[in-house]
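Below: the structure, in structure tokens.
2 protein chains.
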Amino acid sequence: MAHNVIVGQSGGPTAVINASLAGVFSKARELGADRIYGMINGIEGLLNGKYCDLEEKITSKEDLSVLCQTPSSFLGSCRFKLPEPEAGNEIYDKLFNILAELEIEVFVYIGGNDSMDTIKKLSKYAGLIGSTIKFMGAPKTIDNDLAVTDHTPGFGSAAKYIATVIKEIIRDSYVYNLKSVTVVEIMGRNAGWLTGASVLAKGTDCPGPDLIYLPEVPFDMDNFVAKVKKLTEEKGNVVVAVSEGVTLADGRNICEIDGEIEGLDAFGHKILSGAASFLAKYLAKNLGVKTRAIELNTPQRAASHIASLTDVQEAFMTGAFAVQGGFSGKTGEMAIICRNEGEYKSYADSFDINKIANEVKQVPIEWICEDGTYVTDEFVSYVLPLIQGEPQLIYKNGLPAHLSL
Amino acid sequence: MAHNVIVGQSGGPTAVINASLAGVFSKARELGADRIYGMINGIEGLLNGKYCDLEEKITSKEDLSVLCQTPSSFLGSCRFKLPEPEAGNEIYDKLFNILAELEIEVFVYIGGNDSMDTIKKLSKYAGLIGSTIKFMGAPKTIDNDLAVTDHTPGFGSAAKYIATVIKEIIRDSYVYNLKSVTVVEIMGRNAGWLTGASVLAKGTDCPGPDLIYLPEVPFDMDNFVAKVKKLTEEKGNVVVAVSEGVTLADGRNICEIDGEIEGLDAFGHKILSGAASFLAKYLAKNLGVKTRAIELNTPQRAASHIASLTDVQEAFMTGAFAVQGGFSGKTGEMAIICRNEGEYKSYADSFDINKIANEVKQVPIEWICEDGTYVTDEFVSYVLPLIQGEPQLIYKNGLPAHLSL
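First to last, the protein sequences are chains X and V. This note's numbering numbers the first residue of the first sequence as 1 and each following residue consecutively. This note's numbering numbers the first residue of the second sequence as 1 and each following residue consecutively.
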């Protein structure tokens, strides 16, 4: 029986999702895997027979380094929701036949909440049919909203990008001697980790954002306008960091005040957009000040050019741990990151996927200031270690090099 | 008589405008300047008596290094249009009195088109009243639209940021196996240099943008929709780079198709916004494909975290050359960058401000492909050297450090 591994990537990409892939690949090789397959476009692609032999794609040490600095899923991604596992189900049958043909011993899926739902279902189905394939998850999400793990790979780099550009934007906003309000919109539909990370811009060389609004606390428009008014009068320039997911007390997203939402995605999540743009226009109309909206947008999950070295290393570590766990007989678990007490140091472990899949870890309410407009020092202590260090990037023609499939 | 220098920064900032300031400061010191003053918020601030002694603000070699990596104008900026110079004019009188009090020998203004208009007028006024103060300009603009100089400091770093994030965005856009169109909006109201620089993303590891629209060529909506339709059918994912300033054949900006412009700035330029958002919605409606709009926004002029080393060094060089020119008796000139034939190498010179102020250098029409949807290899050869090299950044708490006034 061959010791074969298959690895896939799923959900929205991050700046370091390929460092996790590199971790799976390196560790699988070290542990003597015979073949290391990559699913192309996740299980959706695999169901259509799309996979590759990773040893043909990663052929040198430099390839592996470039892979680690390549943003977005190297293997492509999917958003595919498996049905509930039932013996005899057609999709599961097809999938397990493919895995049997490839003589897979360990199946690793790198992804966020929805992808961990996939691991949960696959391991459950394996139990139902008595398959010995090990199904392991490796965490990935810029949103940092996975349960159990101290934090998720992808979050630190996104936080570093956000804090870096907000620091630059704040400096830019102070350049004219004029009253102005800049509203910066940050990703994170249900959890304010990324928006909170904007606080890291604050230091002896930067005042930081003036107000920070997370989705964990209901947003009060009147209070917001009053606060901004007071700040513009006191200090002229005001910079507000706002989560794309902030909602009113009645549960509506703020951009729903003005119109319709754009639709639902494959998992039934609302597609939101325009919180900053909406707020900037609202302030301009109600306060008569110059405003601008900046949506940080896709670079939050793709800016590997300013990745956190800590994050890259931890992404690699969790990928390696997931495949190692599978080889040692674990299944239905996700690799997690644990944090030491005292000076920051992290290590990997793994945990029951049933306690992780479909859970959302929000920012603890006690880490949000009482009036809901800033985060506490505890929040800063938690996030600050995760953005430390810079990888030595390989440049090609003046730009960070990427590895292509 | 003291050998005093005063330096100011004006107009929109860049990632390297403070490297030019560092160049002025270092060279002035080297040349034995007695005092080096900084205008706070340009001549507008100076008219209100706002200036500082730069030797109190830049007190170490590390300060100077951090200054070079600090985005946005260290001294603050203004958008202030001087009246036509006439002997006896109140504003000029006031300004020249302040300069006389400070015993200024050389006045350096770091800025773009509108700032060079200021240098032109001040040197003319000095001639009218027989003042011996030397007025020199140092170029600065991400737009690269200043005449005579081969290129402008600030452009290379903006180009490097744009190419880097577009490369990341393109990779992100290919992650799902779906048809989609991403429209990326890039700064440059009248000149397409920055939008054209998106071509640099193209290489063996990236297909680059599929279509590039500059403001130099009239935009044809029907042709655009047809091209995108064909591309989505052929290849699925399409990425379009579009200048914020693209205009229809009748002279309207594309975002004016749908509504009103937001107003005029102090110099009478239209405030534009929303080209990408408009086009993305238009395509979604007309082609029924998934679209997204990404406005690269402020980081284009502020992302010193991914500055071009070439650009930083040239910014420093032009600042130094401007103050040196003033000390050697030049006035009414702007420092320029000249390019050697053959292998890229640049050097500084200076040139009559009257030939520069208020001129706009657009992308030569022969560097734009015939159908107006891409740039040529000549364009690439011109831009590529300007994004080379990365400065060794000084980090503090995980983020690039900045120097504050």
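Note that CB positions come from ideal geometry on N, CA and C, so glycine has one too.
Proximal residues, the segment 99 to 115 of chain X versus chain V, C-beta separation under 8 Å: Flagged: no residues at all.
Beta-carbon gap between X:G23 and V:N177 smaller than 9 Å: Taking the first residue of the first sequence as position 1, residue 23 of chain X is located at position 23. Taking the first residue of the second sequence as position 1, residue 177 of chain V is located at position 177. Here X:G23 is not near V:N177, since their CB atoms are 9 Å or more apart.
CB contact below 9 Å: X:E295 versus chain V: Here the question's residue 295 of chain X lines up with position 295 in the first sequence. Chain V, which has a Cβ nearer than 9 Å to the Cβ of X:E295, makes this yes.
Short CB-CB distance (under 9 Å) between X:S404 and chain V: Translated into the one-based positions of the first sequence, residue 404 of chain X becomes position 404. With its beta carbon less than 9 Å from one in chain V, X:S404 belongs to the interface.
Delimiting residues of the beta strand (DSSP E) encompassing V:R292: Reading the second sequence from its first residue, position 292 is the one you call residue 292 of chain V. Residues 290 to 295.
Where X:N340 falls: helix, strand or coil (DSSP): As a working note, residue 340 of chain X is residue 340 in the first sequence. Three-state DSSP puts X:N340 in coil, outside helix and strand.
Amino acids of chain V, ordered along the chain, whose beta-carbon sits closer than 7 Å to that of X:C369: Here residue 369 of chain X is taken as the residue at index 369 of the first sequence, counted from 1. Listed by position along chain V, the residues whose Cβ is nearer than 7 Å to that of X:C369 form an empty set, because the closest Cβ is around 21 Å away.
Local conformation of X:Y347 per DSSP, three classes: Numbered from its first residue, the first sequence carries residue 347 of chain X at position 347. Residue state, collapsed to three classes: strand.
Cross-chain neighbours of V:V165 in chain X, by beta carbon under 9 Å: Stepping through the second sequence from its first residue, residue 165 of chain V is reached at position 165. Here the neighbours are T298, P299, A302, A303, H305.
Residues that X:Q388 contacts on chain V, provided the C-beta gap is smaller than 7 Å: Within the first sequence, numbered from 1, the residue matching residue 388 of chain X stands at position 388. X:Q388 reaches chain V at G398, counting residues in chain order whose Cβ is nearer than 7 Å.
Cβ distance (whole Å) where X:I212 is taken to contact X:G196 below 8 Å: Position 212 of the first sequence, counting from 1, holds the residue named residue 212 of chain X. Position 196 of the first sequence, counting from 1, holds the residue named residue 196 of chain X. Indeed they touch by this definition, with Cβ atoms about 6 Å apart.
Coil, strand or helix - X:N253 by DSSP: The residue you call residue 253 of chain X lines up with position 253 of the first sequence. Strand at X:N253.
V:I170, DSSP secondary structure in three states: One-based indexing of the second sequence puts residue 170 of chain V at position 170. In the displayed model, V:I170 falls within a helix according to three-state DSSP.
Length of the line joining the Cα atoms of X:L253 and X:G112: Position 253 of the first sequence holds residue 253 of chain X. Position 112 of the first sequence holds residue 112 of chain X. Per the sequence shown, the amino acid found at residue 253 of chain X is Asn instead of Leu. Straight-line Cα distance between these residues: approximately 23 Å.
Simplified DSSP assignment, three categories, for X:Q324: For the purposes of this step, residue 324 of chain X is identified with residue 324 of the first sequence, where counting begins at 1. Reduced to three states, the DSSP call for X:Q324 is helix.
V:E260 - DSSP class collapsed to helix/strand/coil: Here residue 260 of chain V refers to the residue found at position 260 when the second sequence is read from its first residue. Reliability fails at V:E260, whose pLDDT of 49 lies under 50, so the model's placement of it is uncertain and no value is given.
Residues near X:E260 by beta carbon distance below 6 Å, same chain, minus five either side: In the first sequence, residue 260 of chain X corresponds to position 260, counting from 1. Annotation note: pLDDT 49 at X:E260 (below 50); position unreliable, coordinate value reported separately. Same-chain partners within the cutoff: there are none.
Boundaries of the beta strand (DSSP E) in which V:N4 is found, first to last residue: Mapped onto the second sequence, residue 4 of chain V falls at position 4. It spans 4 to 9 - the beta strand (DSSP E) in which V:N4 sits, taken as one unbroken run.
V:E185 - partner residues in DSSP beta bridges: For this step, residue 185 of chain V is matched to residue 185 along the second sequence. According to DSSP, which records beta bridges pairwise, V:E185 is partnered with V:V242, V:E295.
Cutoff 9 Å: V:V225 Cβ touching any chain X Cβ: Numbered from its first residue, the second sequence carries residue 225 of chain V at position 225. Against chain X, the CB of V:V225 has no partner CB under 9 Å away; the residue lies outside that interface.
Classification of V:G342 by the beta-carbon crowding that lies within 10 angstroms, buried from 16 upward: Indexing the second sequence from 1 puts residue 342 of chain V at position 342. It counts as exposed.
Within 9 Å, strictly: CB atoms of V:M187 and V:A357: If you number the second sequence from 1, residue 187 of chain V lands on position 187. If you number the second sequence from 1, residue 357 of chain V lands on position 357. 9 Å or more divides the Cβ of V:M187 from the Cβ of V:A357.
Beta-carbon gap between V:Q388 and V:Y347 smaller than 9 Å: Walking along the second sequence from the start, residue 388 of chain V turns up at place 388. Walking along the second sequence from the start, residue 347 of chain V turns up at place 347. No, the pair does not count as a contact, with Cβ atoms beyond the cut-off.
Within-9 Å CB hit, V:G45 to chain X: Against the second sequence, residue 45 of chain V aligns to sequence position 45. True, the Cβ-Cβ gap to chain X drops below 9 Å.
Buried or exposed (CB count within 10 angstroms, at least 16 for buried), V:S308: Translated into the one-based positions of the second sequence, residue 308 of chain V becomes position 308. Residue environment for V:S308: buried (at least 16 other C-beta atoms within 10 angstroms of its C-beta).
Separation of V:V181 from V:L231, as counted between CA atoms: Counting from one through the second sequence, the residue named residue 231 of chain V turns up at place 231. Counting from one through the second sequence, the residue named residue 181 of chain V turns up at place 181. Their Cα atoms are separated by approximately 10 Å.
Neighbouring residues, chain X, relative to V:A401 (Cβ below 7 Å): Sequence index remark: in the second sequence, residue 401 of chain V carries index 401 (1-based). Under the 7 Å cutoff, chain X gives D205.
Within-9 Å CB hit, V:T59 to chain X: Stepping through the second sequence from its first residue, residue 59 of chain V is reached at position 59. Answer no: the Cβ-Cβ gap between V:T59 and chain X never drops below 9 Å.
Boundaries (first-last residue) of the beta strand (DSSP E) holding V:A138: Taking the second sequence and counting its residues from 1, the one referred to as residue 138 of chain V is at position 138. First-last of the beta strand (DSSP E) with V:A138: 134 to 139.
Proximity of X:G372 and X:D220 at Cβ, strictly below 9 Å: The residue you call residue 372 of chain X lines up with position 372 of the first sequence. The residue you call residue 220 of chain X lines up with position 220 of the first sequence. Closer than 9 Å, so yes.
Beta bridge counterpart(s) of V:P400 as assigned by DSSP: Stepping through the second sequence from its first residue, residue 400 of chain V is reached at position 400. Answer by DSSP bridge pairing, in chain order: V:Y395.
Exposure label - V:E366; buried when at least 16 CB within 10 Å: Taking the first residue of the second sequence as position 1, residue 366 of chain V is located at position 366. Classification for V:E366: exposed.
9 Å Cβ cutoff, V:E260 in contact with chain X: By one-based count along the second sequence, residue 260 of chain V stands at place 260. Any reading at V:E260 is ruled out, since the residue's pLDDT is 49, under 50, leaving its predicted position unreliable.
Three-way DSSP call (helix, strand, coil) for X:R79 in this model: Your numbering for residue 79 of chain X matches position 79 in the first sequence. Assignment of X:R79 by DSSP, reduced to helix, strand and coil, places it in the coil class.
Beta-carbon proximity list for V:K361, same chain, < 7 Å, skipping 5 on both sides: Along the second sequence, one-based indexing puts residue 361 of chain V at 361. Exclusion of the five residues before and after V:K361 leaves D145, L146, A147, A191 as the residues of its chain whose Cβ lies within less than 7 Å of its Cβ.
Local conformation of V:D205 per DSSP, three classes: Working through the second sequence from its first residue, we reach residue 205 of chain V at position 205. In the three-state DSSP reduction, V:D205 falls in the coil class, being neither helix nor strand.
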